[in-house]
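Numbering (the numbering used here), first residue to last: 937 to 1343.
The block underneath contains the structure these notes are about, expressed in structure tokens.
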């Protein structure tokens, strides 16, 4: 029995509203799958095996996703189209993706369409081709293996676009800041994504309990409301396509958002038990993040000197940024926090942290900075004391504590 086929049947049994237990029994009979084998598969591939067994037995189950408020459902919004752009050469897989799309509730005055893109050699090129082929206001870019679990998906993304004019892209798991090694799953992965691997299904990421703006975005599925060309020039793995797009949107003053999800809205049938990366993450940092011909300075912001000092600390940050900006043709500034855990900062003073966050929007704020490959590219350290001071001293690179005058 094809494992992917079996996983898909379990995904439908666990989440698809139109699931019919009789259909699953028929599939088991046609493929000679015993109840013991099916039970074993459910225990491996279901996120909640009891939920699947309850659905097979026809029991009432809990709704995993919040039903939109009446005012949202009844909202008489302007007519608009949502186009689902699906990159797949596999007709069976395309049909599976569309089965979940066709299960979505559609807001009033919204129409949906789909566009299948085949023969994809480079994701950014395929997205540009599809973007130009569709006149839809909203575009949802979908890769093979994606199942949209939340039937209210369209209500949720359209509401967020309508309520924030500077949000141009929505992803469902991402990194608030740039991961120093280029791999967000290693250091700073928020939002949630159900991932079906070869031997199990697991939930990746951590929900922050609220929406947040992201620098890096996972490429499984994203939604946009503004047509901006995808960068085809950077040579790197397709996994970084949406992250590059997010960083380029930020340069235009536009944001990428990851919504709060009590339960993952998306399941990604990835087929591997962990995300696979090759050395193209180094190419991403080398060819896109780091600007050639400039000195690369790391500015470390400590919670104690900025947040506790509140306005005076923020004013000092503004002064420092202005000093570096005046030399922007010679210097590229990277910014890190100490401690790195953003939740620790938010708990110190939410108002101050929010101000700092706005000041740093569109800048190279980095997390996971202990990465050796990243530190090797940095020419000097400036800012508050942190464990990195000793590392820079060991590397015989200049260290300037914040109180020092910048020459």
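Using N, Cα and C, we set each Cβ at its ideal position, and we do this for glycine too.
Note that this is a predicted model, so its numbers are computed, not measured.
Continuous alpha helix (DSSP H) stretch holding residue i: start and end
{"i": "residue 1104", "result": "Careful: residue 1104 lies outside any alpha helix (DSSP H), inside the beta strand (DSSP E) at 1103-1106."}
{"i": "residue 1095", "result": "1089-1099"}
{"i": "residue 1067", "result": "1059-1069"}
{"i": "residue 1328", "result": "1324-1330"}
{"i": "residue 987", "result": "985-992"}
Exposure of residue i, with buried meaning 16 or more beta-carbon neighbours within 10 Å
{"i": "residue 1191", "result": "buried"}
{"i": "residue 1136", "result": "exposed"}
{"i": "residue 972", "result": "exposed"}
{"i": "residue 1340", "result": "Because residue 1340 sits at a pLDDT of 44, beneath the cut-off of 50, its placement in the model cannot be relied upon, and the following sentence gives the value as read from the coordinates. Exposed, because fewer than 16 other Cβ atoms sit within 10 Å of the Cβ of residue 1340."}
{"i": "residue 1014", "result": "exposed"}
{"i": "residue 1033", "result": "buried"}
{"i": "residue 1329", "result": "exposed"}
{"i": "residue 978", "result": "buried"}
{"i": "residue 1334", "result": "exposed"}
{"i": "residue 1319", "result": "buried"}
{"i": "residue 1264", "result": "exposed"}
{"i": "residue 1331", "result": "exposed"}
{"i": "residue 1047", "result": "exposed"}
Inter-residue Cα distance where the pair is residue i and residue j
{"i": "residue 1342", "j": "residue 981", "result": "Note that residue 1342 scores 39 on pLDDT, short of 50, meaning its location in the model is unreliable; the coordinates nonetheless yield the value given after this. Computed Cα separation, rounded: 56 Å."}
{"i": "residue 1058", "j": "residue 1021", "result": "15 Å"}
{"i": "residue 1050", "j": "residue 1089", "result": "16 Å"}
{"i": "residue 1118", "j": "residue 961", "result": "45 Å"}
{"i": "residue 1270", "j": "residue 1236", "result": "9 Å"}
{"i": "residue 1011", "j": "residue 1102", "result": "21 Å"}
{"i": "residue 1074", "j": "residue 1035", "result": "20 Å"}
{"i": "residue 996", "j": "residue 1183", "result": "44 Å"}
{"i": "residue 1003", "j": "residue 1229", "result": "52 Å"}
{"i": "residue 1178", "j": "residue 1005", "result": "31 Å"}
{"i": "residue 994", "j": "residue 1127", "result": "32 Å"}
{"i": "residue 1105", "j": "residue 1158", "result": "7 Å"}
{"i": "residue 899", "j": "residue 1315", "result": "Because the chain here runs from 937 to 1343, residue 899 falls outside it and cannot be looked at."}
{"i": "residue 1202", "j": "residue 1262", "result": "44 Å"}
{"i": "residue 1198", "j": "residue 1094", "result": "18 Å"}
{"i": "residue 1160", "j": "residue 1116", "result": "26 Å"}
{"i": "residue 955", "j": "residue 1085", "result": "13 Å"}
{"i": "residue 1139", "j": "residue 1276", "result": "23 Å"}
First and last residue of the uninterrupted beta strand (DSSP E) at residue i
{"i": "residue 945", "result": "Here residue 945 belongs to no beta strand (DSSP E); instead the alpha helix (DSSP H) covers 939-951."}
{"i": "residue 1139", "result": "1137-1140"}
{"i": "residue 1041", "result": "Neither: residue 1041 is in no beta strand (DSSP E) and is coded neither H nor E."}
{"i": "residue 1084", "result": "1082-1084"}
{"i": "residue 1129", "result": "1129-1132"}
{"i": "residue 1111", "result": "1109-1111"}
{"i": "residue 1121", "result": "Looking at the DSSP string, residue 1121 is not in any beta strand (DSSP E); the run it does join, the alpha helix (DSSP H), is 1120-1123."}
{"i": "residue 1336", "result": "1335-1337"}
{"i": "residue 1021", "result": "1016-1023"}
Near the ligand ZN: residue i beta-carbon under 7 Å from a heavy atom
{"i": "residue 956", "result": "Ligands displayed in this structure: none; no statement on the ligand ZN is therefore possible."}
is_contact[residue i, chain B] using C-beta, thresh 8 Å
{"i": "residue 1086", "result": "Any reference to chain B falls outside this structure, which holds one protein chain only."}
Jot down the residue ranges of each uninterrupted beta strand (DSSP E) in the region 1165-1232, minimum 3 residues, whole runs only, in chain order.
Fully enclosed beta strand (DSSP E) runs of 3 or longer: 1191-1194, 1202-1205.
Inspect the CB distances between the region 965-979 and the region 1053-1067 and report whether three or more fall short of 8 Å.
no
Could you tell me whether the region 1026-1040 touches the region 1077-1085, using the rule of 3 or more Cβ pairs below 8 Å?
yes
Would you call the region 1165-1180 and the region 1227-1236 in contact, with 3 or more CB pairs under 8 Å?
no
Threshold first: 3 residues or longer. Then list the beta strand (DSSP E) segments lying entirely within the region 1249-1320, N to C.
1267-1274, 1300-1303, 1316-1319
With three or more C-beta pairs closer than 8 Å as the rule, is the region 1171-1185 touching the region 1286-1293?
Taking a cut-off of 8 Å on C-beta distances, the region 1286-1293 does not touch the region 1171-1185, as fewer than three cross pairs fall below it.
Counting pairs of Cβ atoms below 8 Å between the region 1138-1151 and the region 1036-1044, do you hit three or more?
no
Quick one: any contact between the region 1224-1234 and the region 1147-1160, if contact means 3 or more CB pairs under 8 Å?
no
Three or more beta-carbon pairs under 8 Å between the region 945-958 and the region 983-997, yes or no?
yes
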